[in-house]
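Written below as structure tokens is the structure these notes are about.
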Amino acid sequence: MSSSQPLVKQVMRVKNPDHIVEEADHGGLKRSMGLFALLMFSVGSIIGTGIFVILGEAIPKAGPAVILSFVLAAIVCAFSALSYAELAGTIPVSGSSYSYAYATLGEILAWVCGWCLMLEYGVAVSAVAVGWGQYLNEFLAAFGIAIPPEFAQPPGEGGVVNIPAVFVVVACMFLLLRGASESATMNNIMVILKLGILLFFCVVAFTAFDGGNFQPFLPLGVAGIGAAAGQVFFSYIGFDAASTAGEEAKNPKRDLPIAIIGSLIIVTIMYLLVTVAVIGANGGQPSDYEGQSGEAILATIANNVTGSTWAGTLIALGAVISIFSVVLVTMYGQTRILFAMGRDGLLPKTFTKVNPRTQTPVNNTIIVTVIISILAAFIPLGQLAEATSIGTLFAFMIVNAGVISLRRSRPNMPRSFKTPLYPITPILGVVGCLYLIASLAWITWVVFFAWLALGMLIYFTYGIKRSRLARGEADDWTPDPEPPVVS
Amino acid sequence: MKILVGVVPDASGSDAMALAGVLSRSLGGDVLIAHVYAAPSAQSGKRKVDAEWVAYLRADAEAVVADAAGAAPRYGLTQFETAVHGHKSSGVGLDELAQRIGADMIVIGSAPGASNGRFLIGSTADQLLHGSHVPVAVAPAGYRRVHPDVLGRLVVAFQDTTESHKALEWAAEHRGDRRLTALTVLLRHRVMGSNLAFDGEGLVSRQLEEDARVALGAALRALDTDADSELTIGDDASSAMGRVQWHGDELLVLASGGSVLRRVFLGDMTYKLVRATPVPAIVLPRHT
């Protein structure tokens, strides 16, 4: 009986990678994704969460130097992205950081990773839903319809409950319960729509460009760059998507790293363009953003620049459509990560109950919807974004550590991609994540540690005893020491 | 067992007769070859003209049935009865006739335009699949050329629903000494842009498979019969069905699901499977 094992051994047990491969039976996936498809997949996964909503929150933190915050966040992402690519090429299954951690670092860190992913998905989707509500408001305003602020803002920002945010979450729930599929074509359309709106915004905003807005460049000092970077990091979430498409890529060894890094470059350029346009048109000082509705900032600025509502309405419409798809995708991710943890016995079985008719996990989806709706209805966007960032940064740190751990425990395991300049890149990944975590507001830390403490409580009272590894239903696996390479 | 086969004067009529022949040899039963002609409704005016017109249609229908009867021996049908029946809609007419003669099933061919090995749901099939009182067997296009002498295997599309259990019951009752397979068809829900890709979905499929296996085991024990189980997965019904190893001597048994207001009402999955099956399928009404 594994409960008689020492505690350290219990919490550090790892899942056999072969078992993971067997678990994720995908029924003969076709290798159909070329470099372009992977690139679109990755770009589509990144753009749409943050950039539409985050600038109104981030610029007041750093001033025009928020440009450097985007670059800094992109660099931290790049290190972690390389680690993702290596793990994706080592453990031969499309996986999330949760399953990678389970195979490399042990159950407790896998649980922490999954617990952080819950924060990432759950809170990110609430934040995005809040942003969606603001853009909907902006769009409806063009037709003279205004949702009363009591029902369009959370408490503390002049409202009682954020109804549009709840609406979009519930609408996505129905799609997910039915068995929503978003095809590659739909994904491409969404990517083009999002890029199109952002480019359109840039064109409009550049007509009112004022170079003077970039002075002073660092009104809040260097610390501001880090503080804003922690927040804008939120807008890069999703860059790891391409690493999960390993089984579908035609030439994963060559294309996956190019897609991951390439999409980061494309997205960073796009974000920098938008940020420069926003600062050029609306100013770069914290005082320029006082009293503005931050979430639908792109639409607001476009309206100010053109002096009419058509440009803002167009942007708002595009944002309403594309953010909807982001909410859908993120909620989907949340339900499936809970599903994976339920399958491993770390969460109750109700999370793995599947309706045989719709072939979707119904209870799981409803629970996720209820929690996300509550967050979206009552919590302001800025706080949600920071909480998302800290959870994600923590999960990325674990992935970087996973690369180091697996290189040590299984140095000869075949790897289709190896991160360059090892061990510098994963170490820099960990350091970068730590730096961004350190720059976040103290309240975010409090929320995060409370979340982690809750997670630990649940793990030590439930998961540690109920996990499939503990019950011997899955193979506990100790990496074999490999023979030295004879060259 | 009484098998009513609805024929039309084209290749799909021959496909239907071929299937009726296979079913009668396999399950036992008498065959009635029938054609439903488009009789105007009784409310129409100008009765005299209608009477002549109806007489013409009836004569035409009898010619269709006579032709079919002439071709029937090609499909191994030597003993059968024939009938014509007038109704403004062919599907409802066939159901009416089936009830009148106490048929146990209706056999039809595909609507025109289906590629070989596929069944296209036309208006007749649509009416029958929404309102028939008895099971409806559908022959894919081209079946007349590839049909076996008798059925070798019954394949039940199985998921853990009440209707599926009824379909399994029907198949167990009619299998004779044939192989019985419970086929679980899973459709992959692909949400592009999720950074979980197929990891999450693979687990959902695995869970469904396990659930279906447990439910199937319990059902087979209750029916005191044995069956093998198979799982197929695809992005759509057609790709999932394409992965199954078909030998051409199968009959796919489908349950209807969905609305309680209808007798045979195709649930989402059943509808997809009828259109994707490369072998004949029989769709059972809810009350079977």
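Residue numbers (our numbering), protein chains in the order written: chain L, 1 to 487; chain X, 1001 to 1288. Virtual Cβ for every residue (Gly too), placed ideally from N, Cα, C.
Query raised in the report: Rounded to a whole number of angstroms, what is the C-alpha to C-alpha distance between X:A1011 and X:Y1075?
Result: Their backbone Cα atoms lie some 13 Å apart in a straight line.
Requested in this report: Please report how far the alpha carbon of L:F449 lies from the alpha carbon of L:G455, in whole angstroms.
Outcome: Within the model, the alpha-carbon separation for L:F449 versus L:G455 is close to 9 Å.
Requested in this report: Use the C-beta contact count for L:P252: other C-beta atoms within 10 angstroms, 16 or more gives buried, fewer gives exposed.
Outcome: Result: buried.
Query raised in the report: Can the beta-carbon of X:L1154 be found closer than 7 Å to that of X:V1031?
Result: Taking 7 Å as the Cβ cut-off, X:L1154 and X:V1031 do not qualify as a contacting pair.
Requested in this report: Pull out every residue of the region 1207 to 1225 of chain X whose Cβ sits closer than 9 Å to any Cβ of chain L, in chain order.
Outcome: Going along the region 1207 to 1225 of chain X in chain order, one finds Q1207, L1208, E1209, D1211, A1212, A1215 with a Cβ nearer than 9 Å to chain L.
Report task. Output the residue ranges of the alpha helix (DSSP H) runs that lie fully inside the region 1121 to 1148 of chain X and measure 4 residues or longer, sorted by chain position. Result -> Counting only runs of 4+ residues, the alpha helix (DSSP H) found wholly inside the region 1121 to 1148 of chain X occupies 1123 to 1131, 1143 to 1146, in chain order.
**Report entry** Assigned secondary structure, L:I52 (DSSP; H/G/I helix, E/B strand, else coil)
**Finding:** This sequence places Phe at residue 52 of chain L; Ile is not what is there. Secondary structure of L:F52 (DSSP, three-state): coil.
Report task. For L:I269, count neighbouring C-beta atoms within 10 Å of its own C-beta (all shown protein chains included) and say buried if the count is 16 or more, exposed if not. Result -> An exposed status is given to L:I269, since fewer than 16 other beta-carbon atoms sit within 10 Å of its beta-carbon.
Query raised in the report: Which chain X residues are close to L:V354, counting only those with a beta carbon under 7 Å from its beta carbon?
Result: Result: V1204, Q1207, L1208, D1211.
Query raised in the report: Just the Cα atoms here: how many angstroms apart are X:D1177 and X:S1026?
Result: X:D1177 and X:S1026 have their C-alpha atoms roughly 10 Å apart.
Query raised in the report: Which residues, in chain order, does the region 340 to 353 of chain L contribute to contact with chain X at a C-beta distance below 7 Å?
Result: If the cut-off is 7 Å between Cβ atoms, the region 340 to 353 of chain L has A340, R343, T352 near chain X.
Query raised in the report: Does any C-beta atom of chain L lie closer than 7 Å to the C-beta of X:T1161?
Result: So, interface residue.
Query raised in the report: Helix, strand or coil: which one does DSSP assign to L:Y102?
Result: In the three-state scheme derived from DSSP, where H, G and I count as helix and E and B as strand, L:Y102 is classed as helix.
Query raised in the report: Where does X:K1309 sit, in a helix, a strand or coil, going by DSSP?
Result: Residue 1309 of chain X lies beyond the range of chain X shown here (1001 to 1288); nothing can be said about it.
Query raised in the report: On the three-pair Cβ rule with 8 Å, is the region 1207 to 1219 of chain X touching the region 356 to 368 of chain L?
Result: Three or more Cβ pairs closer than 8 Å define a contact, and the region 1207 to 1219 of chain X meets that threshold against the region 356 to 368 of chain L.
Query - Buried/exposed call for L:S123, threshold 16 Cβ in 10 Å - result: The sequence shown places Val at residue 123 of chain L, rather than the Ser named in the question. So L:V123 counts as buried.
**Report entry** Close Cβ partners of X:L1120 (< 8 Å) along its chain, the five nearest in sequence each way excluded
**Finding:** If we look at X:L1120 and ignore the five residues flanking it on each side, its Cβ neighbours are S1110, A1111, P1112, G1113, A1114, A1141, R1275.
Query - Proximal chain L residues relative to X:L1187, where beta-carbon distance stays under 8 Å - result: Simply G179, Q359.
Query raised in the report: Taking DSSP as the reference, what is the three-state secondary structure of X:H1174?
Result: Here X:H1174 sits in helix by DSSP.
Query raised in the report: Quick one, are the C-beta atoms of L:N363 and L:G283 less than 7 Å apart?
Result: No, they are not a contact pair.
Query raised in the report: Going by DSSP, what residues sit across from X:T1082 in a beta bridge?
Result: Per DSSP, X:I1033.
Query raised in the report: Candidates L:V327, L:V329, L:A249, L:I266: which alpha carbon is nearest L:L35's?
Result: Distance check between L:L35 and each of L:V327, L:V329, L:A249, L:I266 places L:A249 closest, using alpha-carbon atoms only.
Report task. Would you grab the beta carbon distance between X:E1062 and X:V1084 for me? Rounded to a whole angstrom, and I think it's under 8 Å. Result -> Confirmed, about 6 Å.
Query raised in the report: Got a sec? Which residues, its chain only, sit under 7 Å from L:A228 by beta carbon, not counting five neighbours each side?
Result: Within the same chain, and ignoring the five residues on either side of L:A228 in sequence, the residues whose Cβ sits closer than 7 Å to its Cβ are A58, K61, A62, V66, S69.
Requested in this report: List the residues that DSSP assigns as beta-bridge partners of X:E1250.
Outcome: Paired residue(s): X:R1153.
Report task. Take every Cβ of the region 193 to 208 of chain L, pair it with every Cβ of the region 271 to 288 of chain L, and state whether three or more of those distances are shorter than 8 Å. Result -> These segments touch.
Query - Contact belief for X:P1040 with X:V1054 at Cβ below 8 Å, rounded distance in angstroms - result: Going by Cβ atoms, the distance from X:P1040 to X:V1054 rounds to 7 Å, so yes, they are a contact pair.
Query raised in the report: Hey, out of X:Q1159, X:D1104, X:T1161, whose CA is closest to X:V1134's CA?
Result: When only C-alpha atoms are compared, the closest one is X:D1104.
**Report entry** Rounded separation between L:A242 and L:V71 - CA only
**Finding:** In this model, L:A242 and L:V71 are separated by some 21 Å (Cα to Cα).
Report task. Return the first residue and the last residue of the beta strand (DSSP E) that X:G1109 is part of. Result -> Element bounds for X:G1109: 1105 to 1109.
Report task. For the beta strand (DSSP E) holding X:G1006, just list the boundary residues, first then last. Result -> From DSSP, the beta strand (DSSP E) with X:G1006 extends over 1002 to 1006.
Query raised in the report: Shortest alpha-carbon distance to L:W445 belongs to which of L:K465, L:L393, L:I265?
Result: Residue L:L393 is the option with its Cα nearest to L:W445.
Query raised in the report: Around the Cβ of L:M40, are there at least 16 other Cβ atoms within 10 angstroms (buried) or fewer (exposed)?
Result: Buried.
Report task. Go through its chain and collect everything with a Cβ distance to L:A395's Cβ below 6 Å, but skip five positions before and after it. Result -> Cβ within range, chain order: S97, C113, C116, L117.
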